[in-house]
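Take a look at the structure below.
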Amino acid sequence: MDKSQPLFLPSLTGSFSKPAGDNPTVAMMEAAYRHHGLHYRYINMEVDADGLADAVRGAKAQGYVGFNCSLPHKAEVIRLLDGLGESARLIGAVNCAVKQGDGRWVGENTDGVGFLESLKELIDPAGLEIVILGAGGAARAIAVELALAGASKLYVVNRSVSRGQELAAHVAANTCAETVFFPWAGRFEVPASVTVVVNATSIGLAPDGDVLPEVNLETLRANMIIADVIPNPPQTAWLKEAAKRGCKTLDGLGMLTHQGAKNFHYWTGVVADKKVMRHVLAEIFGASQTVP
Ligand code: NDP
Numbered sequence: 273m274d275k276s277q278p279l280f281l282p283s284l285t286g287s288f289s290k291p292a293g294d295n296p297t298v299a300m301m302e303a304a305y306r307h308h309g310l311h312y313r314y315i316n317m318e319v320d321a322d323g324l325a326d327a328v329r330g331a332k333a334q335g336y337v338g339f340n341c342s343l344p345h346k347a348e349v350i351r352l353l354d355g356l357g358e359s360a361r362l363i364g365a366v367n368c369a370v371k372q373g374d375g376r377w378v379g380e381n382t383d384g385v386g387f388l389e390s391l392k393e394l395i396d397p398a399g400l401e402i403v404i405l406g407a408g409g410a411a412r413a414i415a416v417e418l419a420l421a422g423a424s425k426l427y428v429v430n431r432s433v434s435r436g437q438e439l440a441a442h443v444a445a446n447t448c449a450e451t452v453f454f455p456w457a458g459r460f461e462v463p464a465s466v467t468v469v470v471n472a473t474s475i476g477l478a479p480d481g482d483v484l485p486e487v488n489l490e491t492l493r494a495n496m497i498i499a500d501v502i503p504n505p506p507q508t509a510w511l512k513e514a515a516k517r518g519c520k521t522l523d524g525l526g527m528l529t530h531q532g533a534k535n536f537h538y539w540t541g542v543v544a545d546k547k548v549m550r551h552v553l554a555e556i557f558g559a560s561q562t563v564p
């Protein structure tokens, strides 16, 4: 326990989202605080879209040092903060608000970098061709970070044409990565030149863990890394099919663990033990204990 802090006054952190009941982040963060002997707490709060401004005002008044924002608040929270980190500005969304030493509140986006760090445990994306299935919030954060990390070509594959086109154009205009959009109609054929394929859609999220993205599975090759953002279940049908074809796989708990560790570092200045965080999530979802 940090002796400099009053015994009965922990540093407060937490999360605003709706729905919030199934969000396991509180268990992961509280375990990490305990493990590192930090006098911090993390409170999971369900907040409506029209209650966000009051919730943020309340957090500031109550002396919070940081908070996460999840759906539906990641874009709306920006106007309630004093500034943005580089990733949050490029992605246009904040999942982690941080109180600075001077009292200013800065919004960061750690979703994409969480995925990137998780991927880097297997491969450096610099110079690689990568397929991103989806163009929503998770896909946007991942596409921006992969492009900034030097991926040579990104294929954005999305059902909604306007959303997919907008994301591909945004990444192409703001980074050096060649970025192309593929309308997702019928089975997507993964080009042989691709090394990583990420399911960044909500397809496969419990209770629909058996549902597969519309991809021709015969185009997955054993030299490819197949990733999923879905944390629950950790072993989606997509990852199981990829493993059957000899591909290396990366589950959504890796991204969740790594983004949680980034948030932890922003709020405490301490490098989090990711094994402890992953262990908690794995216990909750019944998955393998290895990082990523
Ligand atoms: P959004 O609602 O912003 O985007 C959803 C995406 O999924 C869109 O591209 C949408 O396509 C696509 N999609 C949904 N259903 C289908 C379908 N049946 N066929 C084709 N495409 C489909 O959600 P987010 O991006 O915020 O979240 C996506 C997932 O990422 C969630 O399940 C969430 O749990 C997970 N996530 C995981 C994190 C982690 O740390 N592991 C962090 C953040 C999110 P369209 O545009 O055509 O509607």
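Residue numbers (the working numbering): 273 to 564.
Beta carbons are placed, not taken as given, at the ideal position from N, Cα and C, and that holds for glycine.
query                                                                                                                 : result
Residue nearest to R376 in terms of C-alpha spacing, selected from E486, G357, V552 and L324                          : G357
N488, buried or exposed, once every other Cβ within 10 Å from all chains shown has been counted against 16            : exposed
is_contact[I350, chain C] using C-beta, thresh 8 Å                                                                    : Here chain C cannot be found, since the structure has a single protein chain.
Heavy atom of the ligand NDP within 7 Å of S432 beta-carbon                                                           : yes
CA-to-CA distance, V370 to P397, given in whole angstroms                                                             : 28 Å
According to DSSP, residues forming a beta bridge with E389                                                           : Paired residue(s): none; E389 is not in a bridge.
Spatial distance of W539 from V337 (CA atoms)                                                                         : 7 Å
Presumed contact (8 Å Cβ cut-off) between M549 and A303, rounded CB distance                                          : 7 Å
Bridge partners - Y314, DSSP secondary structure assignment                                                           : T285
Near the ligand NDP: A347 beta-carbon under 7 Å from a heavy atom                                                     : no
Neighbourhood of K290 by C-beta distance below 7 Å, restricted to the same chain and skipping five residues each side : E318, V319, D320 and P344
Exposure label - A478; buried when at least 16 CB within 10 Å                                                         : exposed
Sub-8 Å separation of T508 and G526 beta-carbons                                                                      : no
Test item: CB-CB of I315 and G286 under 8 Å                                                                           : yes
A407 versus L420, K516, Y427 and G399, residue with shortest Cα-Cα distance                                           : Y427
Selected residue, minimal CA-CA separation from S434, among F453, V328 and G330                                       : F453
Residues near I498 by beta carbon distance below 6 Å, same chain, minus five either side                              : V469, A514, C519 and T521
Assigned exposure category for C341 - 16 Cβ within 10 Å defines buried                                                : buried
Residues bridged to I404 (per DSSP)                                                                                   : V428 and V470
Neighbour-count burial assignment, K516, 16 or more Cβ in a 10 Å radius                                               : exposed
DSSP bridge partner residues for G338 (one or two, in chain order)                                                    : T285 and V370
W539: CB within 7 Å of a non-hydrogen atom of the ligand NDP                                                          : no
Backbone secondary structure at K520 - three-state DSSP                                                               : strand
Other residues of its chain near A327: CB distance less than 8 Å, five sequence neighbours each side excluded         : F288, M317 and V319
Beta-carbon spacing of W456, R493 below 8 Å                                                                           : no
Buried/exposed call for E555, threshold 16 Cβ in 10 Å                                                                 : exposed
Neighbourhood of F460 by C-beta distance below 6 Å, restricted to the same chain and skipping five residues each side : V429 and V487
Sub-8 Å separation of V466 and V443 beta-carbons                                                                      : no
DSSP three-state assignment for I498, whether helix, strand or coil                                                   : strand
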